[in-house]
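Step one of this worksheet: look at the structure below.
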Ligand code: TGC
Ligand code: FAD
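Residue numbers (this note's numbering): 67 to 456.
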């Protein structure tokens, strides 16, 4: 890890500001110091290092795109992307913690919350004093969240929330959950549910082979009394959670580049050091082909992410633009992880190298925040005007 150098074959650094480069290098140093030396052990033990939450807050990894008034970083989307890239170079599970907090918890509170909600939660979420999670997926409604069953009734002075969410990143340790549920008219709203509310529990999901250093769990609501002031008043309908997903999927498009860079870097160094048939394996054409294709695909993904970031900053990026980048870049990273695994031979399956961990993590990343095929169908709808998923 000490020798890691970012990939910049097409001088994409020229497109970055000095501030972008400073932010990238501070997060790169942070990951090198606080994540890389320990991540293999955490992943092997399926341990979520809770102390990382405060450290992420200190380094500005939570809500970099949220205005400073509410404790966020007040940065642009390129800076946000670079932060996600560097964290995911360390581990996709660590990036999950940061992207859920910033894009799926802070973003909806900032965008749809009351002034009182923003003041109450955002500074603590930004600093890492509080950890949040985002509950959209249910056991029977993953790709099709509009069918959700979780619901709340107006009881006069409070709401009564019932139902269950599944596959929720951060849930076992979260202090609050932004939960999407239907009212009596079947309209989707966001509610802030706090740990400690009677009838609310967060059982952990065990035995994952992927994102092992990230805590995943359920959210169970059994007649939970939610104060009325905890409803997000600014937006209702499925569009509200989908707007949050736009922001998080954008971050993943950058994050996946980090995982791919780490695999490429490890494969290049291993190929130069590993001798077979009296030569470094890097001297064989088939190994060079793998490395050349990795560099090509990383470079294409970087250009895609940078241009998408510009469009995000200019308010021109649509869900389809984001789907294209999330889908392409995650598949690219997974393919590179698989090829890097080959280059490492048997060593590639061990925890001595980061490859297998990235590869297994990316199997979740290609599924969450919209599966590979759902993003394909979002693009298909853009091209044809026909929604094939319905
Ligand atoms: P559809 O009819 O297309 O849209 C419903 C309503 O929403 C509006 N809308 C948007 N509004 C704002 N921003 C957007 N990006 C929007 N996209 C859609 C739309 O106009 C409509 O409004 P209205 O007023 O007409 O009601 O919805 P659909 O039910 O047909 O679904 C479309 C589909 C399949 C693409 C969508 O459901 C989808 O994206 N499914 C995938 C589900 C998903 O991504 N789940 C992710 C869960 S969170 C997660 O995985 C976190 S992992 C994080 C980590 O650990 O890092
Ligand atoms: P399904 O929707 O059942 O899909 C199964 C297969 O069917 C997929 O290949 C899919 O592409 C395909 N399919 C489905 N519909 C169609 C269609 N119309 N046409 C063609 N193919 C289709 N959710 C949250 O709300 N919050 C979180 O924090 C969160 N974190 C997660 C963390 C992890 C580790 C994982 C694995 C998931 C997480 N998720 C979270 C859930 C994630 O978003 C869902 O897993 C994802 O949206 C897919 O839903 P599903 O697993 O129910 O699969």
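Don't be surprised by glycine CBs; every beta carbon is placed ideally from N, CA and C.
Remember, predicted model here, so these are calculated numbers, not experimental data.
Query                                                                                                                                                                    : Result
At a cut of 8 Å, does the region 387-403 reach the region 416-431 through at least three beta carbon pairs?                                                              : yes
For residue 256, which beta-bridge partners are listed by DSSP?                                                                                                          : 246
Check the DSSP bridge columns for residue 207 and list the partner residues they point to.                                                                               : 204
Does the distance between the C-beta of residue 400 and the nearest non-hydrogen atom of the ligand SAM fall short of 7 Å?                                               : This structure simply doesn't include the ligand SAM; it includes the ligand TGC and the ligand FAD instead.
Just verifying my parser: in three-state terms, what is the DSSP assignment at residue 139?                                                                              : coil
Using beta-carbon positions only, say whether residue 101 and residue 157 come within less than 8 Å of one another.                                                      : yes
Please tell me whether residue 201 and residue 243 are closer than 8 Å, where the distance is taken between their beta carbons.                                          : yes
Per DSSP, which residues does residue 293 bridge with? Please list them.                                                                                                 : 224
Report buried or exposed for residue 196, applying the criterion of at least 16 other Cβ atoms within 10 angstroms of its Cβ.                                            : buried
Quick check on residue 441: buried or exposed, where buried means 16 or more other Cβ atoms within 10 Å of its Cβ?                                                       : buried
So for residue 217, helix, strand or coil by DSSP?                                                                                                                       : strand
Run the CB neighbour count on residue 131, radius 10 Å, all protein chains shown included, and call it buried at 16 or more, exposed below.                              : buried
For residue 248, which of 284, 293, 303, 119 has the nearest alpha-carbon?                                                                                               : 303
Use the C-beta contact count for residue 342: other C-beta atoms within 10 angstroms, 16 or more gives buried, fewer gives exposed.                                      : exposed
Could you say which of 277, 283, 220 lies nearest to residue 253 if we only look at CA atoms?                                                                            : 220
State buried or exposed for residue 419, treating a residue as buried only when at least 16 other CB atoms are found within 10 Å of its CB.                              : buried
Mapping DSSP to helix, strand and coil, what is residue 366?                                                                                                             : helix
With DSSP as the reference, please indicate the residues paired to residue 235 in a beta bridge.                                                                         : 282
Tell me, please, which residues DSSP counts as bridged to residue 270.                                                                                                   : 283
How many angstroms separate the CA atom of residue 386 from the CA atom of residue 444?                                                                                  : 6 Å
For residue 129, which residues from the same chain have a beta carbon less than 6 Å from its beta carbon, with the 5 sequence-adjacent residues on both sides left out? : 138, 168, 172, 192
Quick one: grab the DSSP three-state call for residue 83.                                                                                                                : coil
Taking the alpha carbon of residue 235 as the reference point, which residue from 154, 114, 295, 358 has its own alpha carbon closest?                                   : 114
Spatial neighbours of residue 415 within its chain, please: C-beta separation below 6 Å, excluding the five flanking residues on both sides.                             : 422
Check whether the Cβ of residue 114 lies closer than 7 Å to any heavy atom of the ligand FAD, and answer yes or no.                                                      : no
Whole angstroms are fine: how far does the CA of residue 120 sit from the CA of residue 340?                                                                             : 40 Å
Contact between the region 347-365 and the region 174-185: three or more CB pairs below 8 Å?                                                                             : no
For residue 299, name the three-state secondary structure that DSSP assigns.                                                                                             : coil
Helix, strand or coil for residue 101? Go by DSSP, reduced to three states.                                                                                              : coil
Where does the unbroken alpha helix (DSSP H) through residue 328 begin, and where does it stop?                                                                          : 305-339
Nearest by alpha-carbon distance to residue 392: which of 450, 366, 332 is it?                                                                                           : 366
Would you say residue 434 touches the ligand FAD, meaning its beta carbon is less than 7 Å from a heavy atom?                                                            : yes
Starting from residue 159, trace the alpha helix (DSSP H) both ways and give me its first and last residue.                                                              : 158-165
Compute the beta-carbon to beta-carbon distance between residue 268 and residue 285, rounded to the nearest angstrom, for a pair I have assumed lies under 8 Å.          : 6 Å
For residue 305, verify whether its CB is less than 7 Å away from any heavy atom of the ligand TGC.                                                                      : yes
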